[in-house]
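Residue numbers (our numbering): 30 to 609. Notes to accompany the following structure.
Shown next, in the form of C-alpha cells:
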C-alpha cells in the first residue's frame with residue numbers, strides 16, 4: 030500500500046503564478062520576518078517543509094531498509110552492513126538506516142526550527158519573566174549581579190545579555206531574544222556530534238530531528254531567559270562525559286567537561302537536575318572507566334565551589350520566596366514534554382486548540398518510549414542507559430515535591446522549563462528507541478515501518494509548531510498600548526511589581542512611571558504623594574489580591590478595575606480618583 034501514490038501529488042501549489050512565487054519566497058522580508066503578520070506565508074513554508082521531510086522519510090528512508098517477509102525470512106538471514114549504534118551486539122542488529130538520508134532529515138529539522146523560531150520571534154510580547162530579565166540588565170553591572178543572586182538566578186546569562194544590549198542596543202524584543210535563538214541553534218549544531226558518539230552515524234540524524242523539533246527547545250529559543258543557554262551547556266556536558274572513555278586525547282575532553290559544568294553552575298540552579306543522574310552513571314562505571322568518573326567528580330567539585338557561595342548569598346539577600354505553587358497540570362506535562370517535545374502550557378501561556386488533541390497522543394508516545402526501553406533492555410546502547418539514569422531522579426524529585434505540596438501546601442518543582450538541562454539525554458533515549466523499533470518494523474512490514482516513522486516525525490513537527498503558536502496570556506505589549514490610549518499625560522502611574530517599568534518604557538517611552546513597588550509592600554508613605562492627584566492608574570501584574578492593592582485602596586480609596594476580559598486575569602489596570 031502506497032501512502033503517497035506517485036501519480037497523485039501530496040500537496041499542490043500554484044507555482045506557475047509568478048506573483049504567488051514572489052510573495053512566498055521573495056520578499057517583503059521587512060513584513061515577513063519582524064512581525065509575521067501574513068499567516069499565509071508562514072503556513073505555506075511550514076507545509077512545504079513538512080511535505081519535503083515526509084517525502085524524504087517515506088520514499089527514501091524506508092526504502093533503504095532491508096525488508097523481508099516475516100514467514101520466510103528472519104533477521105539473522107538478512108545480510109546487512111554493521112552500521113548500527115555502538116554497544117549493540119551484531120547479531121541483534123535487525124536492519125539499517127541509511128546515514129545520508131537520516132542526516133538530511135536531521136538537518137532539515139534544524140532548518141525548520143531556525144526558520145520557524147525566527148519568523149515567530151515577535152509573535153508574542155514580552156511576558157513577566159522576560160520583563161524581569163529586561164529589568165535586571167537595565168541596572169548597573171554590580172547591581173545586576175546582586176539583584177540576580179537575590180532572586181535566585183545565577184548571573185552568567187544576564188552578563189551575556191547585558192553585553193549584547195551594550196553592543197547591539199538599545200533593548201528591543203529582537204535584541205533581548207536574539208541570544209536565546211543563537212544558543213538554541215548552537216545547541217542543535219553541538220548535538221549532532223553528541224548524537225553520533227551516542228547512537229552511531231546511522232541514528233544520529235533521527236536523534237537530531239528529535240532534539241531540534243522538541244517544543245521545549247523551540248520555545249526556550251524565542252524567550253529572553255536563561256534556559257536556552259542551559260540546554261546548550263547540557264549538550265556539551267553530556268558530550269564531554271561520553272567522549273572521555275573513547276577519545277584519543279581524554280585530557281582535552283576533561284577540560285571541556287570542567288568548563289561546561291562550571292558554566293552550568295553559573296547559569297541556573299536547574300543544573301542540579303542533570304548532575305545526580307550523571308553521578309549514578311559514573312558510580313556504575315567507576316571500575317571500567319575510572320578516568321571518566323574521576324573527571325566528572327572533579328568537575329562537580331568545581332561547580333560546588335561556585336554554587337555554594339552563591340546559594341548562601343541568595344539566602345542572605347532574598348526577601349520573599351520566589352517559587353510559586355504549581356498545578357498538577359504542570360507536573361503531568363513534563364514526561365511528554367521531555368520525551369516527545371509536546372507539552373501543554375499553563376499559567377502564562379495558552380496552547381493552540383490542535384495541541385489539546387495532540388497532547389494525549391504525546392502521552393501515549395512518551396509511555397511507549399519507556400515501555401520500549403524495558404522491551405529492548407538487552408539491546409540498549411550505553412548512552413541510552415545513561416540517559417535513562419539522568420531522567421530517573423528528577424521525575425522522582427518532581428513527584429515527591431508534588432506530594433509534599435499536597436500535604437504541606439508549599440511549593441512544587443513542576444514547570445517543564447526547570448528540566449531543560451535534561452533534553453539532550455531525553456532526545457538520545459527517544460531516538461534510540463525509535464531507531465530500534467524502526468528496524469524491527471522494517472523486518473515485518475514496509476508499510477508498518479513507513480507509518481511508524483511518519484507518525485513519529487508528524488508528532489515532532491506538531492509539538493514544535495504548537496510551541497511556536499502558543500499565546501501569552503498576560504498581553505503586556507497590548508496592555509501598554511491600551512494604557513497609552515486611555516490615560517491622560519497628567520495622570521499618575523503606579524507599577525506593581527518592581528521590574529515592569531522598563532517594559533513599559535520599552536513599548537512606549539512617553540509613558541511616565543511615577544512609582545514602582547513590590548506586591549508585598551507595606552510602605553504606605555510611598556502612596557501619600559498621590560492623595561491629591563486627580564487620577565492615578567495602578568498597573569498590576571499577577572494573580573490574587575496582593576498587599577499592594579490593599580495599601581492603594583487604604584490610601585487612594587476604591588479603585589475602578591479595568592481590563593477583565595480585555596487584557597487578562599493576570600494583568601489588570603486600576604483607576605483611582607483620590608483628589609475628587
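Glycine included, C-beta positions come from ideal geometry on N, C-alpha and C.
Nearest-angstrom Cβ-Cβ length linking residue i and residue j, presumed shorter than 8 Å
{"i": "residue 454", "j": "residue 488", "result": "Residue 454 to residue 488, Cβ: 19 Å. No contact."}
{"i": "residue 600", "j": "residue 505", "result": "6 Å"}
{"i": "residue 521", "j": "residue 562", "result": "5 Å"}
{"i": "residue 137", "j": "residue 250", "result": "Rounded, the Cβ-Cβ distance is 17 Å, inconsistent with contact."}
{"i": "residue 303", "j": "residue 188", "result": "Between residue 188 and residue 303 the Cβ distance is about 21 Å, and since that is not below 8 Å, they are no contact."}
{"i": "residue 607", "j": "residue 559", "result": "6 Å"}
Residue range of the alpha helix (DSSP H) that includes residue i
{"i": "residue 161", "result": "157 to 166"}
{"i": "residue 610", "result": "A question about residue 610 goes unanswered here, because the residues of the chain that appear run from 30 up to 609."}
{"i": "residue 530", "result": "530 to 536"}
{"i": "residue 487", "result": "475 to 498"}
{"i": "residue 202", "result": "202 to 228"}
{"i": "residue 292", "result": "279 to 294"}
{"i": "residue 128", "result": "128 to 148"}
Under the three-state DSSP convention, the category residue i falls into
{"i": "residue 504", "result": "coil"}
{"i": "residue 242", "result": "coil"}
{"i": "residue 602", "result": "strand"}
{"i": "residue 372", "result": "coil"}
{"i": "residue 177", "result": "helix"}
{"i": "residue 115", "result": "Interpretation of residue 115 is limited by its pLDDT of 47, a score under 50 that renders its predicted location unreliable; no figure is taken from the coordinates."}
{"i": "residue 378", "result": "strand"}
{"i": "residue 544", "result": "strand"}
{"i": "residue 315", "result": "coil"}
{"i": "residue 463", "result": "helix"}
{"i": "residue 194", "result": "helix"}
{"i": "residue 589", "result": "strand"}
{"i": "residue 90", "result": "Reliability fails at residue 90, whose pLDDT of 45 lies under 50, so the model's placement of it is uncertain and no value is given."}
{"i": "residue 539", "result": "coil"}
{"i": "residue 430", "result": "helix"}
{"i": "residue 257", "result": "helix"}
{"i": "residue 607", "result": "coil"}
{"i": "residue 184", "result": "coil"}
{"i": "residue 384", "result": "helix"}
{"i": "residue 344", "result": "helix"}
{"i": "residue 152", "result": "coil"}
{"i": "residue 32", "result": "With a pLDDT of 39 at residue 32, under the threshold of 50, the modelled position of this residue cannot be trusted; read the value that follows with caution. Coil at residue 32, not helix or strand."}
{"i": "residue 252", "result": "coil"}
{"i": "residue 406", "result": "coil"}
{"i": "residue 552", "result": "coil"}
{"i": "residue 276", "result": "coil"}
{"i": "residue 363", "result": "helix"}
Run of the beta strand (DSSP E) containing residue i, from where it starts to where it stops
{"i": "residue 521", "result": "521 to 525"}
Of the residues the options, the one placed nearest residue i, counting alpha carbons only
{"i": "residue 416", "options": "310, 449, 482 and 390", "result": "310"}
{"i": "residue 237", "options": "332, 197 and 141", "result": "141"}
{"i": "residue 186", "options": "382, 577, 197 and 212", "result": "212"}
{"i": "residue 148", "options": "183, 332, 207 and 331", "result": "207"}
{"i": "residue 205", "options": "216, 215, 153 and 193", "result": "193"}
{"i": "residue 362", "options": "345, 543, 410 and 391", "result": "391"}
{"i": "residue 155", "options": "500, 418 and 276", "result": "500"}
{"i": "residue 446", "options": "494, 569, 560 and 373", "result": "373"}
{"i": "residue 235", "options": "503, 485, 541 and 497", "result": "485"}
{"i": "residue 335", "options": "301, 470 and 398", "result": "301"}
{"i": "residue 565", "options": "366, 558 and 605", "result": "605"}
{"i": "residue 530", "options": "183, 508 and 514", "result": "508"}
{"i": "residue 143", "options": "400, 493, 389 and 387", "result": "493"}
{"i": "residue 331", "options": "367, 299 and 294", "result": "294"}
{"i": "residue 247", "options": "215, 483 and 480", "result": "215"}
{"i": "residue 555", "options": "570, 540, 532 and 583", "result": "583"}
{"i": "residue 306", "options": "239, 319 and 412", "result": "412"}
{"i": "residue 569", "options": "535, 586, 534 and 527", "result": "527"}
Below-8 Å beta-carbon distance, residue i vs any chain D residue
{"i": "residue 168", "result": "Here chain D cannot be found, since the structure has a single protein chain."}
Review point. So does the segment 150 to 163 actually touch the segment 246 to 256, counting three or more Cβ pairs closer than 8 Å?
Key: yes
Review point. With contact counted as at least three CB pairs below 8 Å, one residue from each stretch, are the segment 216 to 231 and the segment 126 to 146 in contact?
Key: Judged by Cβ distances under 8 Å, the segment 216 to 231 makes contact with the segment 126 to 146, as three or more pairs qualify.
**Study point:** Inter-stretch contact (C-beta, 8 Å, three-pair minimum) for the segment 576 to 583 and the segment 548 to 564
**Key:** yes
Review point. Between the segment 258 to 270 and the segment 278 to 291, do three or more beta carbon pairs fall short of 8 Å?
Key: yes
Point to revise | Cβ contact (3+ pairs, closer than 8 Å) linking the segment 225 to 234 and the segment 169 to 185 | key: The way I'd put it, the segment 225 to 234 doesn't touch the segment 169 to 185; fewer than three beta-carbon pairs between them come closer than 8 Å.
Practice item. Spell out a yes or no on whether the segment 323 to 341 and the segment 456 to 471 are touching, meaning 3 or more CB-CB pairs, one atom from each, closer than 8 Å. Key: no
Practice item. Count the C-beta pairs between the segment 535 to 546 and the segment 506 to 526 that are closer than 8 Å, then say yes if the count reaches three, no if not. Key: Result yes; three or more Cβ-Cβ pairs closer than 8 Å.
Exercise for review: Check whether the segment 385 to 401 touches the segment 422 to 429, counting contact only when three or more Cβ pairs, one atom from each stretch, lie closer than 8 Å.
Suggested key: no
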